[in-house]
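These notes concern the structure reproduced below.
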Amino acid sequence: MTPHRADDATINARPVIHWFRRDLRLTDNLALAAALETGAPVIPLFIFDPAILHSKRVGAPRVAFMRSALASLDASLRRHGSALLVRHGDPRRVLPALVEATGAQGLYFNRDYSPFARRRDAEVARALPIPTHSFDDMLLVPPGEATKSDGDPYTVFTAFQRKWLTIPKPCPVAPASQSGAFDRLASVDSPGLPTLADLGFDTAIETPDASEDSAHQLLARFLSGPIYEYDSGRNRLGADPDRDPTPGSSFLSPYFRFGILSIREAYEAAQAAHGQAGDARARKAVETWISELAWREFYTHILFHFPQVKTGNFRRAYDSVPWRRAPADLQAWQEGRTGYPVVDAAMRQLAQTGWMPNRARMIVASFLTKDLLIDWREGELHFMQHLIDGDLAANNGGWQWAAGTGTDAQPYFRIFNPILQGQRFDPEGVYIRRWVPELGDVPATQVHTPWASGHLPAGYPPPVVAHAFARERALAAFAAARERRPA
DNA sequence: TGAAATGTTGGGGCG
DNA sequence: ACGCCCCAACATTTC
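Whatever position you read off the first sequence (first residue = 1), add 30 for our numbering.
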């Protein structure tokens, strides 16, 4: 390392700020690395924005998970002789004040492509007297870089992915080049993190540890075997999380959501796994997992190019679907009391853990939008309030896909049968019994249709609606909407 | 990353 | 042995 010269010290006296947002890690963080490379002291900053914290889409589970990530980040920074500087308020006011107080000469952050964040960041840049430096860190391919030959964004996933796969992906920042650079972190006098109660959330579920180490452990375990069976494993709802915490899913989504794990690192690791796969089937499984990364990028691009999907159907043909206002049914779904065991198991897992496997998400989304004919926005909101990985773009995309209203959505007549889905993906009823204790003694032959035995176990409700009836009702409602306004 | 309805085929029971 | 029917198993179409 080159010794500092005196004039460097003078130049470098004025610090720069790294503003952490959805990149809560020190490893392979583009904006942070760039800030450190300036040679100036780097002030690591996080801002709790009440506008986000108190929005109806934000719930205690995700805030608790994020707080865990911040605590871990703060601890890491303290090991480097620094600390996370925490501020509360509107960044458009907090940042100018902080720049004034510290004499900072630059602001560094990684881009967030959501409509809210883009507007905020533009206004922040306008409000500051110093240059801002932003980076494409969150995605392997940023919005605008995977478009059709005429420049239009893709709205069909398979076409998007074909293109996405051909685009060279960035490599992780070499860790060695950074390790010494952490010496540049400014010493920060921070009172420490607010508690959940300080942030206005009284109770919260127990969340997974949100440290970078935990993310790396999950990734390593997933790569050690499950990734080679991912395409079937992700559908096994009943795998035992005590014996195998990452049975079929990677469980990395909450870590990607907050940038606790670098997407470049994960992609590079998956590419390596692909090269080491034993046979074509294993290679295909790895490709399936990589395509989930592509889905994440696809939906981020979709929200970027079509911000109106946040509140409206991507396919306007379904604008007149007569969604039912059925508060009791909605509540039964939210609380896992629909009388359909696999639906109830999944909804209770969500309430208790803040997470669900993707298969379960598809099942409960189909049930809400098709069987109950309740507006996908209700489901999207509930998911955002409970999911620790809740992300506007991915969640919205997933819900509109399930409802049939989205980009490249499944056709409206694809209606999941909650009994068959349970039998297929939880054949022994292990998943159901884990989350629905009332069904603990029901044998596998009855566990998906507990009403069929003639007497329901105490405390477990009869089906909220008969699936065969509900299916016909949904088909008629969607078909009528299409007829009123063809696609 | 559907499910149900409808169509086709072929084995086997039976008169 | 033959024709008839039933129906499981699979394929195709429809929503």
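By construction, the Cβ of each residue, glycine as well, lies at the ideal position given by its N, Cα and C atoms.
For residue i, the nearest candidate out of the options (CA to CA)
i	options	result
Ala147	Arg122, Leu170 and Gln135	Arg122
Thr237	Trp319, Asp456, Asp419 and Glu365	Asp419
Phe344	Glu242, Pro198, Thr437 and Ala101	Thr437
Pro387	Leu417, Ile293 and Met168	Leu417
Ala296	Glu242, His331, Ala347 and Gly308	Glu242
Gln415	Thr68, Asn59, Ala63 and Lys86	Lys86
Phe397	Gly459, Tyr442, Ala381 and Gly427	Tyr442
Leu466	Gly434, Leu75, Gln382 and Ile257	The amino acid occupying residue 466 in the given sequence is Val; Leu does not appear at that position. Closest option to Val466, Cα to Cα, is Gln382.
Tyr348	Trp431, Arg311, Ala240 and Phe78	Trp431
Glu408	Gln364, Pro352, Ala234 and Ala324	Gln364
Pro126	Ala113, Pro161 and Ser112	Pro161
Phe139	Asp180, Ile77 and Thr196	Ile77
Leu66	Arg214, Gln191, Ala131 and Leu282	Arg214
Ala307	Leu253, Arg287 and Ser292	Leu253
His485	Phe446, Ala423, Gly369 and Ala509	Gly369
Gly222	Leu107, Leu402 and Leu403	Leu107
Leu114	Gly133, Met96, Tyr285 and Asp219	Asp219
Ile449	Arg464, Thr479 and Pro473	Thr479
Trp406	Ala433, Glu468, Ala250 and Leu360	Ala433
Gln361	His331, Leu402, Thr341 and Arg326	Leu402
Val116	Gly69, His48, Asp151 and Ala155	His48
Leu103	Gly133, Gly255 and Asn59	Asn59
Leu75	Thr132, Glu298 and Ala498	Thr132
Ser217	Gly427, Ala43 and His497	Ala43
Val88	Gly427, Leu422 and Ala70	Leu422
Ser112	Leu380, Phe212 and Ala506	Phe212
Tyr461	Tyr260, Ala269 and Ser262	Ala269
Ala303	Arg501, Arg192 and Gly255	Gly255
His84	Gln247, Arg464 and Phe231	Phe231
Limits of the unbroken beta strand (DSSP E) element including residue i
i	result
Arg117	Leu115 to His118
Asn140	Gly136 to Asn140
Beta-ladder partner(s) of residue i, from DSSP
i	result
Gly308	Answer by DSSP bridge pairing: none, since Gly308 is not bridged.
Ser164	Phe139
Phe78	His118
Ile47	Ile73 and Leu137
Leu215	Val72
Thr177	Pro183
Cβ separation of residue i and residue j, assumed to be a contact under 8 Å, to the nearest whole Å
i	j	result
Pro45	Ile73	5 Å
Pro493	Trp481	6 Å
Ile404	Arg354	6 Å
Leu226	Val93	7 Å
Pro200	Arg294	6 Å
Val372	Gly452	3 Å
Thr233	Ala90	7 Å
Cut-off 8 Å between Cβ atoms - residues of its own chain near residue i, not counting five sequence neighbours on either side
i	result
Asn425	Glu410, Phe413, Met414 and Leu417
Asp37	Confidence in Asp37 is poor, its pLDDT being 43 and thus under 50, which makes the residue's placement too unreliable to answer from.
Pro80	His118, Gly119 and Asp120
Pro172	Arg141, Tyr143 and Asp166
Asp134	A quick correction: the sequence has Ala, not Asp, at residue 134. Contacts found: Arg44, Pro45, Val46, Ile47, Ile73, Leu128 and Ile160.
Cutoff 6 Å; reference residue i; Cβ partners in own chain excluding five residues on either side
i	result
Gly366	Asp374, Met377 and Arg378
Pro145	Pro337
Ile320	Ala300
Phe455	Asn265, Leu267 and Arg389
Ser483	Gln476
Phe328	Phe187 and Phe190
Gly459	Ala474 and Val477
Arg514	Ser350
Ala157	Arg122 and Pro126
Ala99	Leu54, Ala240, Phe288 and Ile290
Thr32	Any reading at Thr32 must be qualified, since the residue scores a pLDDT of 38, below 50, and its modelled position is unreliable; the value itself is stated next. Excluding positions up to five away in sequence, the list is empty.
7 Å CB neighbourhood of residue i in its chain, flanking five on each side removed
i	result
Lys178	Tyr184
Gly289	Arg52, Asp53, Leu54, Arg55 and Met168
Terminal residues of the alpha helix (DSSP H) in which residue i lies
i	result
Pro371	Pro371 to Thr383
Ile462	Val460 to Trp465
Phe508	His497 to Arg514
Asn425	Leu422 to Ala433
Arg148	Pro145 to Ala157
Pro202	Note, Pro202: premise wrong, no alpha helix (DSSP H); not H, not E.
Trp353	Taken as a continuous stretch (DSSP letters only), Trp353 belongs to no alpha helix (DSSP H), as it is neither H nor E.
Leu469	Segment: none, Leu469 is in no alpha helix (DSSP H) and carries neither H nor E.
Met392	Asn388 to Ser396
Gly484	Gly484 -> no alpha helix (DSSP H), and no H or E assigned at all.
Arg264	Neither: Arg264 is in no alpha helix (DSSP H) and is coded neither H nor E.
Tyr285	Ser283 to Arg287
Phe443	Careful: Phe443 lies outside any alpha helix (DSSP H) and carries neither H nor E.
Check: residue i C-beta below 6 Å from any heavy atom of the ligand PLP
i	result
Arg294	This structure lacks the ligand PLP; in fact it carries no ligand of any kind.
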